[in-house]
Amino acid sequence: MKIVTILGARPQFIKAAALSRAIASRSDVQEVIVHTGQHYDDNMSDVFFRQMDIPLPDYQLNVASSFHGDMTGRMMMGIEPVLLKEKPDGVVVYGDTNSTLAGALTAKKIHLKVAHVEAGLRSFNMSMPEEINRILTDRIADLLFCPSRDALNNLQREGFDHFACAVHEVGDIMKDVAVYYKDRGVKPVFPLPESFVLATLHRAENTDDAGRLKRLVHAFNDISMETPVVLPLHPRTRARLDKLSLPLNKSLIVTEPVGYLEMVYLLTRCGLVITDSGGLQKEAYFFGRHCITVRDQTEWTELVTHGYNTLAGVDYDAIMAARNQFFAREIVSNEGLYGIGRTAERILDTMAGTGGF
Ligand code: UD1
Ligand code: UDP
874 MKIVTILGAR
884 PQFIKAAALS
894 RAIASRSDVQ
904 EVIVHTGQHY
914 DDNMSDVFFR
924 QMDIPLPDYQ
934 LNVASSFHGD
944 MTGRMMMGIE
954 PVLLKEKPDG
964 VVVYGDTNST
974 LAGALTAKKI
984 HLKVAHVEAG
994 LRSFNMSMPE
1004 EINRILTDRI
1014 ADLLFCPSRD
1024 ALNNLQREGF
1034 DHFACAVHEV
1044 GDIMKDVAVY
1054 YKDRGVKPVF
1064 PLPESFVLAT
1074 LHRAENTDDA
1084 GRLKRLVHAF
1094 NDISMETPVV
1104 LPLHPRTRAR
1114 LDKLSLPLNK
1124 SLIVTEPVGY
1134 LEMVYLLTRC
1144 GLVITDSGGL
1154 QKEAYFFGRH
1164 CITVRDQTEW
1174 TELVTHGYNT
1184 LAGVDYDAIM
1194 AARNQFFARE
1204 IVSNEGLYGI
1214 GRTAERILDT
1224 MAGTGGF
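My numbering numbers the first residue of the sequence shown as 874 and each following residue consecutively.
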């Protein structure tokens, strides 16, 4: 079986690490990797290939992030000739970025089978670019790999039982990655306090809304007066903070984006996670930390249901109350949400088996 993997943004490199490792252990599967170039800084892209032994991309399309139409269109123009030349049995896309949609749409239009890893997630907020990307990718995919029961239920509610596709609940591939790397954390180069909050912020719904961003900066600044806050800053957020001249307190430990192994180190030592990242919400859970999600919706609903994640939006009081309640309170869970860390193998077995590619 020959598959083409299409990726381009940070969380996709991390997810692909698990599947690429599973593929490398099999002689009957060949993987061709196409990097759209959506993320391009060393600390947003190359570092993950180096740290996580992901095979270097066979094709680099160099479509740097831009306006949605421009970016997605140029990705499709780059992907199509590659797929026509490689003639794979199927194409794998991850998550919900513009690279995901560009890959799925291009492949489907030339009658290639598409597998969507992280299918069925919904925020029910159609103003998010990610929600549009997910819904469209799910609708045209042939193999839909759901990370959770809630994701599977979403697809059933939308009528996927009646569509010409196969839906599988397989667990979350990011759990595989967390399990594999949990004891391989690497200390970041900057000085680290004994106890701290780990925070990230990058979603367009927060960064591109000056009011929301101001409220979040206010909360982060105030928390950092009492508890150190480590904030590896996404380039989108840095650009917005500079543009709006929003001041971050000196008490905040603001760094460049870090590699995955540094994130593992930070996750194993922090007392709490505050984020708008999808991936980090689950990693907080995998590493036994409570998460405060600074969004109005989450796709990882089961974490909220079980009390491991507080959906605080940009409500200052709610963020502060959750910080006071949950800092340094370890999560002990035995629900086994998101599988046992063997999702990549299940995906690969399904793709290679009857009813797969
Ligand atoms: C994208 C995804 C988002 C995902 C996130 C993961 C879309 C629509 N959004 O958001 O779902 O959660 O990736 O991190 O696909 N930039 C750099 N260097 C880089 C990459 C980006 O400077 O290596 C800056 C550029 O100014 C760029 C901005 O970040 O314009 C935004 O990048 P973009 O890829 O458009 O969106 P993300 O916010 O990264
Ligand atoms: N991450 C990282 N370095 C950082 C910030 C995040 O390696 O400086 C990792 C994080 O641990 C998780 C993934 O990036 O595995 C999440 O990606 P991101 O937050 O960019 O996107 P999302 O998951 O929201 O789509």
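We put the CB at the ideal spot given by N, CA and C, even for glycine.
C-beta contact flag for residue i and residue j at 8 Å
i: Val1167; j: Val1187; result: yes
i: Gln885; j: Thr979; result: no
i: Val877; j: Ile1220; result: no
i: Ile1096; j: Arg1202; result: no
i: Gln911; j: Ala882; result: yes
i: Thr1223; j: Asp1045; result: no
i: Val907; j: Asp931; result: yes
i: Ser972; j: Ile879; result: yes
i: Leu1134; j: Gly1214; result: no
i: Arg1113; j: Leu1086; result: yes
i: Met948; j: Thr1010; result: no
i: Leu934; j: Gly951; result: yes
Among the options, nearest to residue i - alpha-carbon criterion
i: Gly993; options: His1041, Val1052, Thr1128; result: His1041
i: Leu985; options: Ser972, Leu1016, Asn1006; result: Leu1016
i: Ser1068; options: Ile927, Asp1190, Val877, Phe1200; result: Phe1200
i: Thr1100; options: Phe1063, Arg1219, Leu1145; result: Leu1145
i: Glu1071; options: Leu1125, Ile1213, Arg1109; result: Checking the sequence shown, residue 1071 turns out to be Leu, not Glu. Of the listed residues, the one whose Cα sits closest to Leu1071 is Leu1125.
i: Tyr1093; options: Tyr1189, Asp1011, Phe1033; result: The displayed chain sequence assigns Phe, not Tyr, to residue 1093. Per the Cα distances, Tyr1189.
i: Ala1077; options: Arg894, Thr1227, Ala1225, His941; result: His941
i: Thr1073; options: Leu1028, Cys1164, Pro1061; result: Cys1164
i: Val1205; options: His1179, Ser898, Ala1225; result: His1179
i: Val966; options: Ile1013, Leu1140, Gly1212, Met1001; result: Ile1013
i: Arg894; options: Thr909, Met948, Ile927; result: Ile927
i: Gly1209; options: Ala1194, Tyr1133, Gly1161, Ala1039; result: Gly1161
i: Val936; options: Gly976, Leu957, Arg899, Gln903; result: Gly976
i: Thr1080; options: Val902, Val1103, His1107, Met1047; result: His1107
beta-carbon residue i near the ligand UD1 non-hydrogen atom, thresh 7 Å
i: Asp901; result: no
i: Leu1078; result: Residue identity check: residue 1078 is Glu in the sequence provided, not Leu. For the ligand UD1, not one heavy atom lies less than 7 Å from the Cβ of Glu1078.
i: Asp1045; result: no
i: Glu1129; result: no
i: Ser1000; result: no
i: Gln1154; result: no
i: Met874; result: no
i: Arg1109; result: yes
i: Glu1003; result: yes
i: Asp1082; result: no
i: Ser938; result: yes
i: Met917; result: yes
i: Asp914; result: yes
i: Gln911; result: yes
Terminal residues of the beta strand (DSSP E) in which residue i lies
i: Tyr1211; result: Here Tyr1211 belongs to no beta strand (DSSP E), and DSSP marks it neither H nor E.
i: Thr945; result: Careful: Thr945 lies outside any beta strand (DSSP E), inside the alpha helix (DSSP H) at 941 to 959.
i: Pro1105; result: 1102 to 1105
i: Val1040; result: 1039 to 1042
i: Asn1182; result: 1182 to 1184
Any non-hydrogen atom of the ligand UDP within 7 Å of residue i CB
i: Tyr967; result: no
i: Pro1105; result: yes
i: Tyr1181; result: no
Limits of the unbroken alpha helix (DSSP H) element including residue i
i: Val1137; result: 1133 to 1142
i: Phe922; result: 919 to 924
With contact counted as at least three CB pairs below 8 Å, one residue from each stretch, are the stretch 1154 to 1166 and the stretch 1041 to 1052 in contact?
yes
Would you call the stretch 1171 to 1185 and the stretch 1011 to 1031 in contact, with 3 or more CB pairs under 8 Å?
yes
For the structure I just gave you, are there three or more beta carbon pairs, one from the stretch 898 to 918 and one from the stretch 1121 to 1135, closer than 8 Å?
yes
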